[in-house]
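Trainee: In our numbering, the protein residues as written are 1 to 339. The C-beta atom is built at its ideal place from N, Cα and C for all residues, glycine as well. No experiment lies behind these values; they were computed from the predicted model shown. Pasting in a structure now, in structure tokens, and then I'll have a few things to ask.
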Amino acid sequence: MEKVKTLGEFIVEKQDDFLYSKGELTRLLSDIAIAGKIVHREVNKAGLAGILGETGNKNIQGEQVKKLDIYANEQFIAALSVGGEVCAIASEENEDIITVDNAVSKGAKYVVAMDPLDGSSNIDVNVSVGTIFSIYRRVSLSGPGKLEDFLQAGTEQVAAGYIIYGSSTMMVYTTGKGVNGFTLDPSIGEFCLSHPNMQMAKKGKTYSINEGNYVHFPEGVKKFIKYCQEEDAATNRPYSSRYIGSAVADVHRNLITGGVFLYPTTSASPKGKLRLVYECNPLAFIVEQAGGKATSGTKRIMELKPNALHQRTPLFIGSKDMVEKIEELLAKHSVSTPA
Ligand code: AHM
Ligand code: MG
1 MEKVKTLGEF IVEKQDDFLY SKGELTRLLS DIAIAGKIVH REVNKAGLAG ILGETGNKNI
61 QGEQVKKLDI YANEQFIAAL SVGGEVCAIA SEENEDIITV DNAVSKGAKY VVAMDPLDGS
121 SNIDVNVSVG TIFSIYRRVS LSGPGKLEDF LQAGTEQVAA GYIIYGSSTM MVYTTGKGVN
181 GFTLDPSIGE FCLSHPNMQM AKKGKTYSIN EGNYVHFPEG VKKFIKYCQE EDAATNRPYS
241 SRYIGSAVAD VHRNLITGGV FLYPTTSASP KGKLRLVYEC NPLAFIVEQA GGKATSGTKR
301 IMELKPNALH QRTPLFIGSK DMVEKIEELL AKHSVSTPA
């Protein structure tokens, strides 16, 4: 029987890929994995909160029962703050960046942007959620990290990944040298390499979009939905529609089976809903590394220059041919402003 390779073994093995890293990135990824395991444990007993919790939101140990997204946020911030590799953290849950300025963080070169628990409205109904993270090398010179460290284009990401808390828990990450996936074996408490060198199909058969917003979509997106629904033997259409409502889970499925995920502009979200810095960029880095594409409709996601931490963007991400079809239809049907 072949020996399993743990995430820890794998990242140490790959450390030499980083000429100038003295192991910090390795430790940083390990810290993220540990926080992920703690969040996994809580997510997996989420349904028990009502049983274990006492009145007044206390659990059986008398601790305050926290909303899981807040809990996840605290776990990741704690793991990253004590690790000593990051000088600042940005989170969907915090308006401003969290600077890390303690004895161990002196000289820390990295910043981490994250969505600690994406799709958290799915928690109550036992549907997959995920953590998304993006790692940059700081551009500010010294002291605690600064906002400018997070406002770098996605092309500057040193590493990015997600942890999906699904029917199993998986960590998928890239350091710009392909994408690898690790499944948590709860019996030994280790992420084990289960999906080496993940590749995204060039053509997919699945499209993922909240079609309830149809009337508010740009014309090109409406045309794409109709294109997916038409019958055409040569391209294997109609395609299947699959929408989980957790970006991590939708992108993860499409990464494995081929497909495209769309979150366009709508009237409720005229700039799109998803956040560039800690949702779209990390997912784009992974999907591109697996051979797919990610665009805002007109521009490559990773080339957008963020001007605010919580900036939103439309997102079209997935199998290359499908994303290019969307770009083509958006260009053809873009609304011209009346003179
Ligand atoms: P969140 O960060 O508040 O959880 O929102 C992001 C989530 C994504 O995971 C998902 O793709 C999207 O919101 C679903 O939005 P909608 O319910 O509008 O379809
Ligand atoms: Mg989110």
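List the endpoints of the continuous alpha helix (DSSP H) containing alanine 234.
Mentor: On the sequence shown, residue 234 is found 234 positions in, with the first residue counted as 1. Per DSSP, alanine 234 belongs to no alpha helix (DSSP H) and is neither H nor E.
Trainee: Select from Leu283, Ile77, Val82, Gly84 the residue whose C-alpha is nearest the C-alpha of alanine 90.
Mentor: Indexing the sequence shown from 1 puts residue 90 at position 90. Comparing Cα-Cα distances from alanine 90 to each of Leu283, Ile77, Val82, Gly84, the minimum goes to Ile77.
Trainee: Beta carbon of asparagine 44: closer than 6 Å to some heavy atom of the ligand AHM?
Mentor: Position 44 of the sequence shown, counted from the start, is the residue given in the question as residue 44. Answer for asparagine 44: no, Cβ out of range of the ligand AHM.
Trainee: Decide if tyrosine 214 is buried, meaning its Cβ has at least 16 other Cβ atoms within 10 Å, or exposed.
Mentor: In the sequence shown, residue 214 corresponds to position 214, counting from 1. By the neighbour-count rule (16 or more Cβ atoms within 10 Å), tyrosine 214 is not buried but exposed.
Trainee: Could you name the residues of the same chain whose beta carbon sits closer than 6 Å to that of threonine 169, not counting the 5 residues immediately before and after it, in chain order?
Mentor: For the purposes of this step, residue 169 is taken as residue 169 along the sequence shown, with counting starting at 1. Only His40, Leu184 meet the Cβ criterion.
Trainee: Of all residues in the structure, which have a C-beta closer than 6 Å to any heavy atom of the ligand MG, taken in chain order?
Mentor: Cβ-based neighbours of the ligand MG within the cut-off: Glu92, Asp115, Asp118, Glu279.
Trainee: Can you list, in chain order, the residues of its chain whose CB lies under 8 Å from that of glycine 297, leaving out five sequence neighbours each side?
Mentor: For this step, residue 297 is matched to residue 297 along the sequence shown. Contacts found: Pro218, Gly220, Pro264, Pro314, Phe316, Ile326, Glu327, Leu330.
Trainee: What are the start and end residues of each continuous alpha helix (DSSP H) run of 4 or more residues lying completely inside the segment 174–241, in chain order?
Mentor: Segments of the alpha helix (DSSP H) lying fully in the segment 174–241: 219–229.
Trainee: For lysine 320 and arginine 253, what's the separation of their Cα atoms in angstroms?
Mentor: What you label residue 320 is simply residue 320 of the sequence shown in a count that begins at 1. What you label residue 253 is simply residue 253 of the sequence shown in a count that begins at 1. Cα to Cα, lysine 320 sits roughly 15 Å from arginine 253.
Trainee: What is the C-beta distance between glycine 119 and serine 30, in whole angstroms, given that I count them as a contact (C-beta under 8 Å)?
Mentor: Position 119 of the sequence shown, counting from 1, holds the residue named residue 119. Position 30 of the sequence shown, counting from 1, holds the residue named residue 30. With 8 Å as the limit, glycine 119 and serine 30 do not qualify as a contact, their Cβ atoms being about 25 Å apart.
Trainee: Less than 6 Å separating the Cβ of asparagine 122 from some heavy atom of the ligand AHM?
Mentor: Here residue 122 refers to the residue found at position 122 when the sequence shown is read from its first residue. No, Cβ of asparagine 122 sits at least 6 Å from all heavy atoms of the ligand AHM.
Trainee: Just mark glutamate 156 as buried or exposed, buried being the case when its beta carbon has 16 or more other beta carbons within 10 Å.
Mentor: Translated into the one-based positions of the sequence shown, residue 156 becomes position 156. Label assigned to glutamate 156: exposed.
Trainee: Within 10 angstroms of its Cβ, does asparagine 275 collect 16 or more other Cβ (buried), or is it exposed?
Mentor: As a first step, residue 275 must be located in the sequence shown, where it is residue number 275. What sits at residue 275 in the sequence shown is arginine, not asparagine. The residue in question, arginine 275, is buried, as its Cβ has 16 or more Cβ neighbours within 10 Å.
Trainee: Thinking valine 43 and leucine 68 are a contact (beta carbons under 8 Å), I'd like their distance in whole angstroms, please.
Mentor: Here residue 43 refers to the residue found at position 43 of the sequence shown. Here residue 68 refers to the residue found at position 68 of the sequence shown. Right, the Cβ-Cβ distance comes to about 6 Å (below 8 Å), so this counts as a contact.
Trainee: Taking DSSP as the reference, what is the three-state secondary structure of lysine 293?
Mentor: The residue given as residue 293 occupies position 293 in the sequence shown. Looking at lysine 293 - three-state DSSP - the assignment turns out to be strand.
Trainee: Have a look at glycine 36 and alanine 233 and give me their C-alpha separation to the nearest angstrom.
Mentor: If you number the sequence shown from 1, residue 36 lands on position 36. If you number the sequence shown from 1, residue 233 lands on position 233. Going from the Cα of glycine 36 to the Cα of alanine 233 covers about 43 Å.
Trainee: Output needed for alanine 108: all residues of its chain with C-beta closer than 6 Å, excluding positions within five of it in sequence on either side, in chain order.
Mentor: In the sequence shown, residue 108 corresponds to position 108, counting from 1. Around alanine 108: Glu85, Val86, Cys87.
Trainee: Can you have a look at isoleucine 188 and say buried or exposed, based on whether 16 or more other CB atoms are within 10 angstroms of its CB?
Mentor: For this step, residue 188 is matched to residue 188 along the sequence shown. Classification of isoleucine 188: exposed, given that the 10 Å Cβ count is below 16.
Trainee: Please state whether the Cβ-Cβ distance between leucine 7 and phenylalanine 191 is less than 7 Å.
Mentor: Translated into the one-based positions of the sequence shown, residue 7 becomes position 7. Translated into the one-based positions of the sequence shown, residue 191 becomes position 191. Yes, they are a contact pair.
Trainee: Provide the residue span of the beta strand (DSSP E) that contains serine 30, from first to last.
Mentor: Here residue 30 refers to the residue found at position 30 of the sequence shown. No beta strand (DSSP E) contains serine 30, which is instead part of the alpha helix (DSSP H) from 24–44.
Trainee: Consult DSSP for valine 248 and reduce its assignment to one of helix, strand or coil.
Mentor: Your numbering for residue 248 matches position 248 in the sequence shown. In the structure shown, valine 248 sits in a helix (DSSP, three-state: H, G or I).
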